[in-house]
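In my numbering, the protein residues as written are 1 to 267. The structure under discussion appears below in the form of C-alpha cells.
Pasting the structure below:
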C-alpha cells in the first residue's frame with residue numbers, strides 16, 4: 001500500500017522539482033587536501049573547548065564558505081529570469097545568510113537560516129549553531145510546515161533563544177545553502193549534484209572526510225607521496241547567474257585556507 005507524502009516531504013518535493021525544471025545547474029567537484037587544515041582544526045577545537053565553546057567541523061566549514069563568499073560576492077545574489085522575454089536580474093544580497101539542514105528528532109530534515117554571517121566570528125557561529133540545535137529539538141515540525149504552507153513568511157523578526165523553537169521566519173531568507181552529508185554518514189563517496197533553491201544561485205554539498213594517497217610538499221620543499229585527508233565538496237551554480245570564472249575567486253579562497261590554515265585561528 002502506497003504511503004502518502006507528509007506536508008514536509010510535499011514541500012521539499014515542490015521546491016526540488018521546481019529547481020530541476022527552471023535552473024540550469026553547473027557543477028564543480030572540489031576535492032581539497034585538508035590534511036594541514038585538520039591539524040589546525042583540532043588545535044582550535046581544544047582551544048574553544050577550554051572556553052566552553054563546542055566547535056564542530058561542520059561549523060568551521062560554514063565559516064570557511066562564508067569567508068569565501070566575501071571574496072566572491074557575485075555568488076551571493078538572487079536571480080530572476082524570464083525565458084519568454086529574455087529579461088533577468090541579479091540582485092546582490094546585503095547579508096550572507098546560510099541555509100543549513102538540521103536533523104529533526106523524528107529523523108526528518110529541516111533547513112534553518114543562519115543570518116548575517118558576514119559579520120560574525122567563528123565563536124558567534126558556534127553559539128548560534130548550539131542555539132538552533134536546542135530550538136530544533138523543541139519544534140513541532142508538522143505545525144511549522146503548516147504555517148510555512150500558509151505562507152507565514154519573514155516579517156523582519158526571527159526567533160531567538162527566548163522563543164524556544166523554530167519559527168517560519170527561521171527557515172526562509174537564505175542566500176545560499178550548505179549541506180553536510182559527512183555529518184550523517186562516513187561512507188566513502190561524494191555528493192555529485194544538489195538542487196539550487198531559487199532565488200539562490202549557489203549550493204555546497206560536503207561529504208565525509210576521506211583518506212587518499214596524494215602528492216604533497218614536505219617541510220624541506222620536496223614532493224612526496226603519502227596518505228592525505230581530503231574533504232570532497234560539490235559546488236553547484238545557477239548557470240544563468242554565472243560561469244566557472246565566477247567560481248574561481250571562491251575556489252581560490254578556499255584553496256588558500258586549506259593550504260595555509262593558520263589563518264583560521266583569527267576567525
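Note that CB positions come from ideal geometry on N, CA and C, so glycine has one too.
DSSP links residue 79 through a beta bridge to 90. Two segments are said to touch when three or more pairs of C-beta atoms, one from each, lie closer than 8 Å; by this definition the stretch 169-183 touches the stretch 100-116. Between the stretch 200-219 and the stretch 100-107, the count of Cβ pairs shorter than 8 Å is below three; the stretches do not touch. Here residue 111 carries a strand assignment [DSSP, helix/strand/coil].
Residue 240 has its alpha-carbon roughly 12 Å from the corresponding atom of residue 75. Apart from sequence neighbours up to five positions away, the residues of its chain that approach residue 257 with a beta-carbon distance below 6 Å are 64, ordered along the chain.
Between residue 126 and residue 56, the alpha-carbon positions lie close to 8 Å from each other. Using a Cβ distance threshold of 8 Å, residue 148 and residue 60 do not count as a contacting pair. From the listed residues 233, 178, 247, 253, the smallest Cα separation to residue 30 is found for 233.
Residue 57 carries a helical assignment under DSSP once its states are collapsed to helix, strand and coil. Within the stretch 162-230, complete beta strand (DSSP E) segments of at least 3 residues are found at 176-180, 202-206, 210-217, 223-230, given in chain order. DSSP, read as helix, strand or coil, puts residue 98 in strand. DSSP places residue 236 inside the beta strand (DSSP E), whose first and last residues are 233-238. Look at residue 106 here: in three-state DSSP terms it is coil, with no helix or strand label. Straight-line measurement puts the Cα of residue 6 at about 16 Å from the Cα of residue 105. With respect to residue 177, residue 197 sits close: the two C-beta atoms are nearer than 8 Å. Sorting 195, 81, 131, 53 by C-alpha distance to the C-alpha of residue 26 places 195 at the top. Distance check between residue 262 and each of 40, 28, 244 places 40 closest, using alpha-carbon atoms only.
DSSP places residue 33 in the strand class (E or B) of the three-state scheme.
By the Cβ neighbour-count rule, residue 128 is buried, with 16 or more other Cβ atoms within 10 Å of its own. Taking all protein chains in view, the Cβ of residue 84 is surrounded by fewer than 16 other Cβ atoms within 10 Å, so the residue is classified as exposed. The beta carbon of residue 235 sits closer than 6 Å to those of 28, 30, 204, all from its chain and outside the five residues before and after it, given in chain order. Per the DSSP secondary-structure output, residue 250 pairs with nothing in a beta bridge. Residue 93 and residue 201 have their alpha carbons spaced roughly 11 Å apart. Looking at the DSSP output, residue 28 sits in a beta bridge with 235. Contact check for residue 71 against residue 249 passes: the beta carbons are separated by less than 8 Å.
Between residue 53 and residue 123, the gap from beta carbon to beta carbon is short of 8 Å.
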